[in-house]
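Asks:
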Amino acid sequence: MKKIGRYRRKKQRKILIIGSLSLLLFLCVGYAAFSTNLSLKAKGNIKCNSINVESLKKLVVTSGDGLYKDITDEYRYIYKGTNPNNFLQFDNILYRIISIEEDNSIKVVRQYPIIQNAFDKAGTRYLENSYCGTDIVNTWGCNVWGSKTTIVDEYGNHVSKMAYSDDNNLYELPSDEAYLNKYLNLDWFNSLNDKIKVKIISHRFNVGHVDITKNQNIELDIKDEKKYGWNGKIGLINITDYVKASNNIECINVYSSSTYGGNKCSKNNYLNKSEEYLVQWTINPSKNSRSDTIDIIPLEGSEKVGSIGNIYAFPSFFLSNSIELCGQGTEQNPYYIID
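94 is the number of the first residue of the sequence shown in the numbering used here; add one for each residue after it.
Below is the structure:
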């Protein structure tokens, strides 16, 4: 009986020792896994140093490609050069940061186009006895972005006339928006991820008409653009955005960006699509024609222009000043928005 008792106690001690060792091993493995997880998370956080608008402003350069202080607006910053580090990615699509605005919102434009079409189609905006209502030329139409009910002047007042000017008259607008305006703010905007939609803010777009044949200073070009504004979500770039993006010292105004001025702004300009031979719309109507909107013709691709109905739309919009970014802004490691 004594032998049996000793055997049982010995067996119990053995079970207890094995159980204790197993528990200790389990705790060690669990702790190691937990530590590894914390370490990985910590490393991930180290790799992503959050960047806000104020952080971006500290990256200002005075030569080469990069972010510059806007010489026409001391509170605005713009990207210039052939290929600055201003790539931004969301929904696996690349955009370029154009500027940091006075209100610290971030203006961006899609790197690649989404549609090739007329700025406005003749007959799509009916106004009796006007060019907008005619079907004679099916790829043209009115040259204004917004309607007479949504256009506001530089003081925030609603105006009912705009677009074509012969220095004596401003012609009355039709009652709804341009074809591209409706397409971008309905079909295209609704196709975006909901997480991105909430980052896009309603903002003023300067939609005043500009004279591309007149060799005037950039300040007067900007004044023309600011004469009228449209408030909304999705627009197109301004012609002065294109001018300011060039690092070519001969690109000094809207005139120098046009064929009249020798397309000088096509050089050292990330907004120029010469490699793809793409002609792109701007949001600004031309002072020189009732039906023209200013488009950007790449210098190397001018022979590929085609009809006005075959110009591309690159959506542009403003992101909230509260967003935070990660990344380096390069094409290989673009900025991305932290949720």
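Each residue gets a CB set at the ideal place from its N, CA and C atoms; glycine is no exception.
Let me check understanding here. Comparing Cα to Cα, which of Ile186, Ile376, Pro391 and Ser198 lies closest to Thr370?
Replies: Position 277 of the sequence shown, counting from 1, holds the residue named residue 370. In the sequence under discussion, the amino acid at residue 370 is Tyr, which differs from the Thr named in the question. Nearest of Ile186, Ile376, Pro391 and Ser198 to Tyr370, Cα basis: Pro391.
Asks: By Cβ distance below 7 Å, which residues in the same chain neighbour Lys200 in space, the five residues on each side in sequence not counted?
Replies: In the sequence shown, the residue the question calls residue 200 occupies position 107. Closer than 7 Å at Cβ, skipping near neighbours: Ile191, Ser192, Glu194, Ser409 and Phe411.
Asks: Using a Cβ-Cβ cutoff of less than 6 Å, which residues in the same chain neighbour Gly328 once the five nearest sequence positions on both sides are dropped?
Replies: As a working mapping, residue 328 is identified with position 235 in the sequence shown. The answer, listed in chain order, is Phe298, Ile376 and Ser409.
Asks: With DSSP collapsed to three states, give me the class of Asn299.
Replies: Along the sequence shown, read from residue 1 onward, the residue named residue 299 stands at position 206. It is a strand residue.
Asks: Using a Cβ-Cβ cut-off of 8 Å (strictly less than) and excluding sequence neighbours within five positions of Glu417, which residues of its own chain qualify?
Replies: If you number the sequence shown from 1, residue 417 lands on position 324. Contacts found: Ser143, Ile144, Asn145, Ile430 and Ile431.
Asks: When the distance is taken between beta carbons, is Asn340 closer than 8 Å to Lys214?
Replies: Position 121 of the sequence shown, counted from the start, is the residue given in the question as residue 214. Position 247 of the sequence shown, counted from the start, is the residue given in the question as residue 340. Result no, Cβ atoms of Lys214 and Asn340 do not sit closer than 8 Å.
Asks: Note down, one range per segment and in chain order, each alpha helix (DSSP H) of at least 4 residues found wholly within the segment 168-218.
Replies: Runs of the alpha helix (DSSP H) inside the segment 168-218: none found.
Asks: Flag this pair as yes or no: are the beta carbons of Gln204 and Tyr188 separated by less than 8 Å?
Replies: Reading the sequence shown from its first residue, position 111 is the one you call residue 204. Reading the sequence shown from its first residue, position 95 is the one you call residue 188. The answer is yes: Cβ separation under 8 Å.
Asks: Secondary structure at Ile139, three-state DSSP: helix, strand or coil?
Replies: For the purposes of this step, residue 139 is taken as the residue at position 46 of the sequence shown. In this predicted model, Ile139 has a pLDDT of only 47, less than 50, meaning its place in the structure is not dependable enough to derive any value.
Asks: Using only CA atoms, which one of Ile294, Asn236 and Tyr348 lies nearest to Asp269?
Replies: By one-based count along the sequence shown, residue 269 stands at place 176. The shortest C-alpha separation from Asp269 is found at Asn236.
Asks: Spatial neighbours of Lys337 within its chain, please: CB distance less than 6 Å, with the 5 preceding and 5 following residues excluded, ordered by chain position.
Replies: What you label residue 337 is simply residue 244 of the sequence shown in a count that begins at 1. Result list for Lys337: Ile171, in chain order.
Asks: Helix or strand or just coil, what does DSSP make of Asn278?
Replies: Taking the first residue of the sequence shown as 1, we reach residue 278 at position 185. Helix.
Asks: For the alpha helix (DSSP H) containing Leu436, list its first residue and its last residue.
Replies: A query on residue 436 cannot be resolved here, the shown segment of the chain reaching from 94 to 432 and no further.
Asks: What residues in its chain sit with their C-beta under 6 Å from that of Asn414, if we drop five residues either side in the sequence?
Replies: Here residue 414 refers to the residue found at position 321 when the sequence shown is read from its first residue. Here the set comprises Val146, Asn197 and Ser198.
Asks: Excluding five sequence neighbours on each side, which residues of the same chain lie with their C-beta closer than 7 Å to the C-beta of Asn361?
Replies: Sequence index remark: in the sequence shown, residue 361 carries index 268 (1-based). For Asn361, where only same-chain residues beyond five positions count, the Cβ hits under 7 Å are Gly174, Thr175, Ser339, Asn340 and Asn341.
Asks: Assess, as a yes-or-no matter, whether the segment 286-296 is touched by the segment 314-327 under the definition of 3 or more beta carbon pairs within less than 8 Å.
Replies: Counting Cβ pairs under 8 Å, three or more are found: they touch.
Asks: Cutting at 7 Å between CB atoms, please list the residues of its own chain near Gly422, excluding the five before and the five after it.
Replies: As a working mapping, residue 422 is identified with position 329 in the sequence shown. Within the same chain, Gly422 has close Cβ partners Asn178, Asn179, Phe180 and Tyr428.
Asks: What does DSSP give as the partner residue(s) for Ser379 in the beta ladder?
Replies: Residue 379 sits at position 286 when you count from the first residue of the sequence shown. Paired residue(s): Val303.
Asks: At what residues does the beta strand (DSSP E) containing Tyr161 begin and finish?
Replies: As a working note, residue 161 is residue 68 in the sequence shown. Run containing Tyr161: Gly159 to Lys162, per the beta strand (DSSP E) assignment.
Asks: Quick test of your reading: Ile404 and Trp374, contact by CB under 8 Å. State the CB separation rounded to the nearest angstrom.
Replies: The sequence position of residue 404 within the sequence shown is 311, counting from 1. The sequence position of residue 374 within the sequence shown is 281, counting from 1. Indeed, because the Cβ distance is near 5 Å, the residues count as touching under 8 Å.
Asks: So, at 7 Å on beta carbons, what are the nonlocal neighbours of Asn222 in its own chain, with the 5 sequence-adjacent residues on each side left out?
Replies: Residue 222 sits at position 129 when you count from the first residue of the sequence shown. Legend: pLDDT at Asn222 = 47, less than 50; position of this residue unreliable, no value from coordinates given.
Asks: To the nearest angstrom, how far is the alpha carbon of Gly355 from that of Ile387?
Replies: Numbered from 1 along the sequence shown, position 262 holds the residue referred to as residue 355. Numbered from 1 along the sequence shown, position 294 holds the residue referred to as residue 387. Gly355 and Ile387: Cα-Cα distance of roughly 15 Å.
Asks: Suppose the cutoff is 6 Å on Cβ atoms and the five residues either side in sequence are ignored; what does the same chain contact list for Ile186 look like?
Replies: In the sequence shown, counting from the first residue as 1, residue 186 sits at position 93. Cβ neighbours of Ile186 beyond the five flanking positions: none.
Asks: May I ask which residues mark the beginning and end of the alpha helix (DSSP H) holding Ile332?
Replies: What you label residue 332 is simply residue 239 of the sequence shown in a count that begins at 1. Note, Ile332: alpha helix (DSSP H), Ile332 to Ala338.
Asks: Please return the same chain residues whose Cβ sits closer than 8 Å to the Cβ of Tyr353, not counting the five positions on each side in sequence.
Replies: Position 260 of the sequence shown, counted from the start, is the residue given in the question as residue 353. These residues qualify, in order along the chain: Ile305 and Thr306.
Asks: Could you spell out the range, first to last residue, of the beta strand (DSSP E) harbouring Leu149?
Replies: Along the sequence shown, one-based indexing puts residue 149 at 56. Element bounds for Leu149: not the beta strand (DSSP E) but the alpha helix (DSSP H), Val146 to Lys150.
Asks: Going by DSSP, what residue range makes up the beta strand (DSSP E) through Ser409?
Replies: Here residue 409 refers to the residue found at position 316 of the sequence shown. It spans Ser409 to Leu412 - the beta strand (DSSP E) in which Ser409 sits, taken as one unbroken run.
Asks: Hey, how far is the Cα of Leu149 from the Cα of Cys358?
Replies: As a position in the sequence shown, residue 149 is number 56, starting the count at 1. As a position in the sequence shown, residue 358 is number 265, starting the count at 1. Roughly 25 Å between the two C-alpha positions.
Asks: Just to confirm, are Tyr272 and Ala211 a CB contact at a threshold of 8 Å?
Replies: As a first step, residue 272 must be located in the sequence shown, where it is residue number 179. As a first step, residue 211 must be located in the sequence shown, where it is residue number 118. Yes, the Cβ-Cβ distance between Tyr272 and Ala211 is below 8 Å.
Asks: Using CA atoms only, rank isn't needed, just tell me which of Arg169, Tyr363, Phe183 and Asn308 is closest to Leu285.
Replies: The sequence position of residue 285 within the sequence shown is 192, counting from 1. It is Phe183 whose Cα lies nearest to the Cα of Leu285.
Asks: So for Cys419, helix, strand or coil by DSSP?
Replies: Looking up residue 419 in the sequence shown gives position 326. Note: Cys419 maps to strand in three-state DSSP.
Asks: Do Thr165 and Ile315 count as a contact pair if the criterion is CB distance below 8 Å?
Replies: Counting from one through the sequence shown, the residue named residue 315 turns up at place 222. Counting from one through the sequence shown, the residue named residue 165 turns up at place 72. Going by C-beta atoms, Ile315 is nearer than 8 Å to Thr165.
Asks: May I have the straight-line CA-CA distance separating Pro378 from Lys151, to the nearest angstrom?
Replies: Walking along the sequence shown from the start, residue 378 turns up at place 285. Walking along the sequence shown from the start, residue 151 turns up at place 58. Going by the C-alpha atoms only, they are around 35 Å apart.
Asks: When DSSP labels each residue in this structure, what does Ile293 get in the three-state scheme?
Replies: Along the sequence shown, read from residue 1 onward, the residue named residue 293 stands at position 200. The answer is strand: DSSP assigns Ile293 an E or B state.
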